[in-house]
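Undergrad: Sharing a structure, written as structure tokens. Questions coming.
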Amino acid sequence: MRNKKTYSKEQLKLETIIHSDQGSQYTSNDYCKLIEQLKMTQSMNRRGNCYDNAVIESFHTSIKKKMIYLQGAISAKEMKLRVFDYIEGFYNRERLHSANGNMSPLNFEKKCEEKLSTILT
Numbered sequence: 004m005r006n007k008k009t010y011s012k013e014q015l016k017l018e019t020i021i022h023s024d025q026g027s028q029y030t031s032n033d034y035c036k037l038i039e040q041l042k043m044t045q046s047m048n049r050r051g052n053c054y055d056n057a058v059i060e061s062f063h064t065s066i067k068k069k070m071i072y073l074q075g076a077i078s079a080k081e082m083k084l085r086v087f088d089y090i091e092g093f094y095n096r097e098r099l100h101s102a103n104g105n106m107s108p109l110n111f112e113k114k115c116e117e118k119l120s121t122i123l124t
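Just so you know, we're using our numbering here: the sequence shown kicks off at 4 and counts up by one.
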């Protein structure tokens, strides 16, 4: 069996950042120890600073420009379906993200799950 640390760092070469708010579940000793054991980087919003959510704000701008503003007058139900299709059909499965090593979020998540399963087994 391979050394777990060697396999997780040198073999996969993925840096995983876990970003959250400062909720107690994310600041607990057990959670922080697990993040450290998994060789992941923990990142948290600063308390009360909305600018720390720049990534999601950028996503909202992107979806508005590329999806919502291009639509004519449609019902709320139809808009929900189209937004869902955009996020699940394109954004998460096809769109390459430079922050994910030019992988789609879905492929990046699969790589991270593989990494996690090898570390925990």
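Using N, Cα and C, we set each Cβ at its ideal position, and we do this for glycine too.
#1: Between Asn-48 and Lys-80, what straight-line distance do the alpha-carbon atoms span, to the nearest angstrom?
#2: I need the straight-line Cα distance from Arg-50 to Ala-57, nearest angstrom please.
#3: Spell out whether any CB of chain B is found under 7 Å from the CB atom of Leu-41.
#4: Using the C-alpha atoms, what's the distance from Ser-61 back to Lys-68?
#5: According to DSSP, is Ile-66 part of a helix, a strand, or is it coil?
#6: Would you decide whether Glu-116 is buried or exposed? Buried here means 16 or more other CB atoms lie within 10 Å of its CB.
#7: Taking all protein chains shown into account, do 16 or more other C-beta atoms lie within 10 angstroms of the C-beta of Lys-118, making it buried, or fewer, making it exposed?
#8: Helix or strand or just coil, what does DSSP make of Ser-78?
#9: Counting along the chain, where does the alpha helix (DSSP H) carrying Ser-1 start and finish?
#10: Which residue's Cα is closest to the Cα of Phe-93: Gly-26, Thr-121, Thr-30 and Ser-107?
#11: For Ser-120, report the span of its alpha helix (DSSP H) as first-last.
#12: Specify, as a first and last residue, the run of the alpha helix (DSSP H) that Ser-27 falls within.
TA: Taking the geometry as given:
#1: 33 Å
#2: 14 Å
#3: The structure shown has no chain B; it contains just one protein chain.
#4: 11 Å
#5: helix
#6: exposed
#7: buried
#8: coil
#9: Nothing in the structure corresponds to residue 1, since the chain is present only between 4 and 124.
#10: Ser-107
#11: 108 to 123
#12: 27 to 30
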